[in-house]
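Student:
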Amino acid sequence: MQPKDVYIADRNFCTLGFLFGVAARKGFFVIRQHAQLPIVSEGTLRRRGRTDSGEVFEQPVTLRLVEREMVVRRVVLRLDTPTRDGDTEMAILTNLAPGVADATLVANLYRRRWTVESLFARVERNLQSELATLGYPGAAVFTFAVALVASNVFAVVHAALTAAQQRQTDEKIAQMPLSDFSIVEEIRTVNRGMNMVLDEKEWRRFQTMPAPQLAKAMLRWAKHVDWVPLRKAVRGPKVVRKRTQFLNTPHVSTARLLGRA
585 MQPKDVYIAD RNFCTLGFLF GVAARKGFFV IRQHAQLPIV SEGTLRRRGR TDSGEVFEQP
645 VTLRLVEREM VVRRVVLRLD TPTRDGDTEM AILTNLAPGV ADATLVANLY RRRWTVESLF
705 ARVERNLQSE LATLGYPGAA VFTFAVALVA SNVFAVVHAA LTAAQQRQTD EKIAQMPLSD
765 FSIVEEIRTV NRGMNMVLDE KEWRRFQTMP APQLAKAMLR WAKHVDWVPL RKAVRGPKVV
825 RKRTQFLNTP HVSTARLLGR A
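Given below as structure tokens:
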């Protein structure tokens, strides 16, 4: 950790030891507040503006670790739409000065962290960024780097498919969610056959092709896509199954039964 570094992290890192440790090393933090973090005192909550996702408020709060105290800013984002966990607001702690980053900028910085986390989740889930077996650390880093490069290729392909899909006259196709896994699987299974049919020189012209020209070419290709196999599986309503046997019998631990035996 170097002076003037800014660490953006989830609430699992929101401990007094970590926050005071960053500040002691002349660093800065933008960390979501954990519900169990002790707050010594709170100032007046004032409205500071709005972001794309909700209203932004701010207040000073005081933290204490043993005999040390630190006053930080608490930025509260009241969301227009609840998160997947059902949260209607989130509180973010930061020691950045208001002149360096106002409350709306702090809220947007934390929102950008989700884009990075979502990217890593897609890379791990669809592009096999982690080795399944034990290996050298260098091999693991190389595998992860290749997966990140592949994620850039995937992002371009996905953008072209989304743009072509939005131009469809059939509303069902235009609004159909696409499956990341199906797109990756399609690329993975077709790639070997394309390498057998197409010579390497066929690909060279795309290396120096201007981005606008390449984008137009990809949109032309995307018009011929069969959309149905790329459809994302949509889960139906969850069926609640009621217990029909042993209604008055409490649950018994299997480990406890084995221990008695």
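Going by our numbering, the first residue of the sequence shown is number 585, and it counts up by one from there. Beta carbons: idealized from backbone N, C-alpha and C, even for Gly. Only a predicted model underlies this, so the values are computations on that prediction, with no experimental measurement involved.
By the three-class DSSP mapping on this structure, what secondary structure does MET654 have?
Tutor: For the purposes of this step, residue 654 is taken as the residue at position 70 of the sequence shown. Of the three classes helix, strand and coil, the one that applies to MET654 here is strand, per DSSP.
Student: Using a Cβ distance threshold of 8 Å, determine whether the region 789 to 808 contacts the region 724 to 737, with at least three qualifying pairs required.
Tutor: As far as the Cβ criterion goes, the region 789 to 808 does not touch the region 724 to 737, which means the pair count is below three.
Student: Below 7 Å CB to CB, which residues in the same chain sit around GLN752 once its five sequence neighbours on both sides are set aside?
Tutor: Taking the sequence shown and counting its residues from 1, one reaches residue 752 at position 168. Only ALA758 meet the Cβ criterion.
Student: Sorted by chain position, which residues of the same chain lie with C-beta nearer than 8 Å to PRO644's C-beta, five sequence neighbours on each side aside?
Tutor: Numbered from its first residue, the sequence shown carries residue 644 at position 60. Result list for PRO644: GLU626, GLY627, VAL655, VAL656, ARG657 and ARG658, in chain order.
Student: Taking only the alpha-carbon atoms, compute the straight-line gap between VAL818 and VAL730 and give it to the nearest angstrom.
Tutor: In the sequence shown, residue 818 corresponds to position 234, counting from 1. In the sequence shown, residue 730 corresponds to position 146, counting from 1. Cα-Cα distance, rounded: 30 Å.
Student: Given a cut-off of 8 Å, decide if MET585 and VAL614 are closer than it, judged by their beta-carbon atoms.
Tutor: What you label residue 614 is simply residue 30 of the sequence shown in a count that begins at 1. What you label residue 585 is simply residue 1 of the sequence shown in a count that begins at 1. Their beta carbons are not under 8 Å apart, which means VAL614 does not touch MET585 by this criterion.
Student: Report the three-state DSSP secondary structure of MET793 (helix, strand or coil).
Tutor: Position 209 of the sequence shown holds residue 793. Reduced to three states, the DSSP call for MET793 is coil.
Student: Take ILE767 and list the residues in its own chain whose beta-carbon comes closer than 8 Å to its own, dropping the five residues that flank it on each side.
Tutor: Within the sequence shown, the letter at position 183 stands for residue 767. Taken in chain order, the residues that qualify are PHE738, VAL741, HIS742, LEU745 and LEU814.
Student: What's the call for ASN775, buried or exposed, on a 16-neighbour Cβ count within 10 Å?
Tutor: Along the sequence shown, one-based indexing puts residue 775 at 191. The residue in question, ASN775, is exposed, as its Cβ has fewer than 16 Cβ neighbours within 10 Å.
Student: Can you tell which of GLU642, LEU762 and ARG631 has its C-alpha closest to the C-alpha of TRP811?
Tutor: As a position in the sequence shown, residue 811 is number 227, starting the count at 1. Per the Cα distances, LEU762.
Student: So what does SER735 bridge to, in DSSP terms?
Tutor: Along the sequence shown, one-based indexing puts residue 735 at 151. Paired residue(s): none; SER735 is not in a bridge.
Student: In whole angstroms, what separates the C-alpha of ALA691 from that of ASP664?
Tutor: Against the sequence shown, residue 691 aligns to sequence position 107. Against the sequence shown, residue 664 aligns to sequence position 80. Roughly 14 Å separates the two Cα atoms.
Student: Quick test of your reading: LEU552 and CYS598, contact by CB under 8 Å. State the CB separation rounded to the nearest angstrom.
Tutor: No information on residue 552 is available, as it lies outside the stretch 585 to 845 that the chain covers here.
Student: Along the alpha helix (DSSP H) that carries ILE676, what are the first and last residues, could you check?
Tutor: Sequence index remark: in the sequence shown, residue 676 carries index 92 (1-based). Where ILE676 is concerned, there is no enclosing alpha helix (DSSP H), although the beta strand (DSSP E) it sits in stretches over 673 to 678.
Student: Is it true that the CB of VAL660 sits closer than 8 Å to the CB of ALA681?
Tutor: Position 97 of the sequence shown, counted from the first residue, corresponds to residue 681. Position 76 of the sequence shown, counted from the first residue, corresponds to residue 660. It is not a contact, given that the beta carbons lie outside the stated cut-off.
Student: What is the DSSP secondary structure of THR646, reduced to helix, strand or coil?
Tutor: Residue 646 sits at position 62 when you count from the first residue of the sequence shown. Residue state, collapsed to three classes: strand.
Student: Since GLY601 is in the alpha helix (DSSP H), which residue starts that stretch and which ends it?
Tutor: Along the sequence shown, read from residue 1 onward, the residue named residue 601 stands at position 17. Residues 600 to 608.
Student: Distance, Cα to Cα, MET760 vs VAL640?
Tutor: Residue mapping note: residue 760 aligns to position 176 of the sequence shown, counting from 1. Residue mapping note: residue 640 aligns to position 56 of the sequence shown, counting from 1. Using only the alpha carbons, I get a separation of about 33 Å.
Student: Going by DSSP, name the residue or residues bridged to GLU755.
Tutor: For the purposes of this step, residue 755 is taken as the residue at position 171 of the sequence shown. For GLU755, which the question treats as bridged, DSSP gives no partner whatsoever.
Student: Report, in whole angstroms, the separation of the C-beta atoms of ASP764 and ARG706, which I expect to be a contact under 8 Å.
Tutor: Locating residue 764 in the sequence shown gives position 180, counting from the first residue. Locating residue 706 in the sequence shown gives position 122, counting from the first residue. Confirmed, Cβ separation roughly 6 Å.
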